[in-house]
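Numbering (the numbering used here), first residue to last: 5 to 288. A quick write-up on the structure given underneath.
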Amino acid sequence: MSRHQDRNKGGKASGRGSNNSRGKSQARGNAPIKKAAPQSSRAATSTSGKGGIRLNKYIANSGICSRREADMYISTGQVSVNGEIINEMGYKVNLDDDVRFDGRRINPEPKAYVLLNKPKGFSVTTSNSKGMTVMDLVAPATKSRIQPVGRLGRNATGLILFTNDDKIMQKLTNSKAGMPRLFHIELDKNLKAEDLEKIKKGLTVQGKKYEVEDLSYVEGAPKKEVGLKIRNIGSGIIRTIFEHLEYQVVRVDCVTLGPLTKKDLPRGKYKHLNQQEINNLMML
Numbered sequence: 005m006s007r008h009q010d011r012n013k014g015g016k017a018s019g020r021g022s023n024n025s026r027g028k029s030q031a032r033g034n035a036p037i038k039k040a041a042p043q044s045s046r047a048a049t050s051t052s053g054k055g056g057i058r059l060n061k062y063i064a065n066s067g068i069c070s071r072r073e074a075d076m077y078i079s080t081g082q083v084s085v086n087g088e089i090i091n092e093m094g095y096k097v098n099l100d101d102d103v104r105f106d107g108r109r110i111n112p113e114p115k116a117y118v119l120l121n122k123p124k125g126f127s128v129t130t131s132n133s134k135g136m137t138v139m140d141l142v143a144p145a146t147k148s149r150i151q152p153v154g155r156l157g158r159n160a161t162g163l164i165l166f167t168n169d170d171k172i173m174q175k176l177t178n179s180k181a182g183m184p185r186l187f188h189i190e191l192d193k194n195l196k197a198e199d200l201e202k203i204k205k206g207l208t209v210q211g212k213k214y215e216v217e218d219l220s221y222v223e224g225a226p227k228k229e230v231g232l233k234i235r236n237i238g239s240g241i242i243r244t245i246f247e248h249l250e251y252q253v254v255r256v257d258c259v260t261l262g263p264l265t266k267k268d269l270p271r272g273k274y275k276h277l278n279q280q281e282i283n284n285l286m287m288l
């Protein structure tokens, strides 16, 4: 493994296609619109539709269509809210309402994909915490409700991905497939060659087997620095592996996350993935 240096530049990208054609409307990333008659229809009553966002904007924010097109679909009874067809212009909904277009539930938020180069001292959690969390670092990135994919210890550093794309989250955290991550690890002493081979073959600790994809010495560095490639586990598991062989982990840095690298991404900074990077994640 060669020494890791920050590499790739990534620009902002919305994660959506660039086709803005207003010809025949098609859902971007959704099935073609069907013209089936609604099962039931009613205008909103005086006690409904008092949420915080107009229904047409909610639909447009999902990327399905424009607001003008959303008005057309609402008026023709193709949109339901919490199980009832709504055809009133100006109807308002809350973000947690069950809004369906053509029978399919829609997400009002644009998809967001944010990559952070995490510094030490930040915990990876979405819950309110007295200490500093990674959510504090990425809060300015987007209004979408993003979540971290995977975990890193508070004192670990390196790459962590945030998204609100459920499909990507499920794919990358799948226990069998998952997302390969490369860690640069520094130990308190040189790693013996025989211990390196033991880890590569898989270690059993307290009845549980820990397998890695690869382990090697960092080229040009002391043998206490190693590169470990593993899927979907954080620094807690890494410490378990090395402490079982009587090594103390001094430093853990995630240098690659699937196809994503730290190129031109300073510590403590984030970037939005560009479309090519998103496509590369989809292909994992």
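Where is the CB? At the ideal position from N, CA and C, for every residue including glycine.
Between residue i and residue j, how many whole angstroms is the CB-CB distance? I'm expecting something under 8 Å.
{"i": "Tyr261", "j": "Leu165", "result": "The question names Tyr, yet the displayed sequence has Leu at residue 261. Going by Cβ atoms, the distance from Leu261 to Leu165 rounds to 6 Å, so yes, they are a contact pair."}
{"i": "Gly157", "j": "Cys258", "result": "So it is not a contact: roughly 10 Å between Cβ atoms."}
{"i": "Leu186", "j": "Val253", "result": "Rounded, the Cβ-Cβ distance is 16 Å, inconsistent with contact."}
{"i": "Met206", "j": "Lys213", "result": "According to the sequence displayed, residue 206 carries Gly and not Met. That belief holds up - the Cβ atoms of Gly206 and Lys213 are roughly 5 Å apart, short of 8 Å."}
{"i": "Leu264", "j": "Glu281", "result": "6 Å"}
{"i": "Met183", "j": "Leu288", "result": "6 Å"}
{"i": "Lys113", "j": "Asn168", "result": "Here residue 113 is Glu; the residue named in the question, Lys, does not match the sequence. Their Cβ separation, rounded to whole angstroms, is 6 Å, which keeps Glu113 and Asn168 in contact under 8 Å."}
{"i": "Ile78", "j": "Leu59", "result": "6 Å"}
Using three-state DSSP, classify residue i as helix, strand or coil.
{"i": "Val138", "result": "helix"}
{"i": "Ile150", "result": "coil"}
{"i": "Ile234", "result": "strand"}
{"i": "Glu223", "result": "coil"}
{"i": "Tyr62", "result": "helix"}
{"i": "Ser29", "result": "Caution is warranted here: a pLDDT of 41 is assigned to Ser29, below 50, making its placement in the model unreliable, and no coordinate value can be reported."}
{"i": "Leu285", "result": "helix"}
{"i": "Leu261", "result": "strand"}
{"i": "Arg108", "result": "strand"}
{"i": "Pro184", "result": "strand"}
{"i": "Glu113", "result": "coil"}
{"i": "Gly162", "result": "strand"}
{"i": "Asp170", "result": "helix"}
{"i": "Glu88", "result": "strand"}
{"i": "Leu249", "result": "coil"}
{"i": "Ile189", "result": "strand"}
Beta-carbon within less than 8 Å of residue i's beta-carbon, same chain only, minus the 5 sequence neighbours each way: which residues are those?
{"i": "Arg109", "result": "Asp102 and Val103"}
{"i": "Glu250", "result": "none"}
{"i": "Gly87", "result": "Asp102"}
{"i": "Lys4", "result": "Past the edges of the chain, shown from 5 to 288, lies residue 4, and the structure says nothing about it."}
{"i": "Val142", "result": "Val118, Leu120, Ile150, Phe166 and Tyr274"}
Determine the burial state of residue i: buried for a count of at least 16 other Cβ atoms within 10 Å of its Cβ, exposed for fewer.
{"i": "Met136", "result": "exposed"}
{"i": "Glu201", "result": "exposed"}
{"i": "Gly67", "result": "buried"}
{"i": "Gln43", "result": "In this prediction, Gln43 scores a pLDDT of 45, lower than 50, which makes its location untrustworthy; the coordinate-derived value is nonetheless stated afterwards. Looking at its Cβ environment, which holds fewer than 16 other Cβ atoms inside 10 Å, Gln43 is exposed."}
{"i": "Asp75", "result": "buried"}
{"i": "Glu229", "result": "buried"}
{"i": "Ala160", "result": "buried"}
{"i": "Ser148", "result": "buried"}
{"i": "Asn283", "result": "exposed"}
{"i": "Pro152", "result": "buried"}
{"i": "Lys196", "result": "exposed"}
{"i": "Lys193", "result": "exposed"}
{"i": "Lys171", "result": "exposed"}
{"i": "Lys266", "result": "buried"}
Spatial neighbours of residue i within its chain, please: CB distance less than 7 Å, with the 5 preceding and 5 following residues excluded, ordered by chain position.
{"i": "Thr146", "result": "Ala116 and Val118"}
{"i": "Gly240", "result": "Gly157"}
{"i": "Ala3", "result": "The question about residue 3 has no answer, for the chain in this structure spans 5 to 288."}
What does a CB cutoff of less than 6 Å around residue i pick up in its chain, not counting 5 residues either side in sequence?
{"i": "Arg243", "result": "Val253"}
{"i": "Lys204", "result": "Leu219"}
{"i": "Ile189", "result": "Val230, Leu232 and Val256"}
Query raised in the report: Is it a yes or a no for the region 233–253 touching the region 211–219, going by three-plus beta-carbon pairs under 8 Å?
Result: In short, these stretches touch, since the Cβ pair count reaches three.
Query raised in the report: Okay, do the region 98–109 and the region 75–85 touch, 3+ Cβ pairs below 8 Å being the bar?
Result: Result yes; three or more Cβ-Cβ pairs closer than 8 Å.
Query - At least three beta-carbon pairs within less than 8 Å, the region 87–103 to the region 130–145 - result: no
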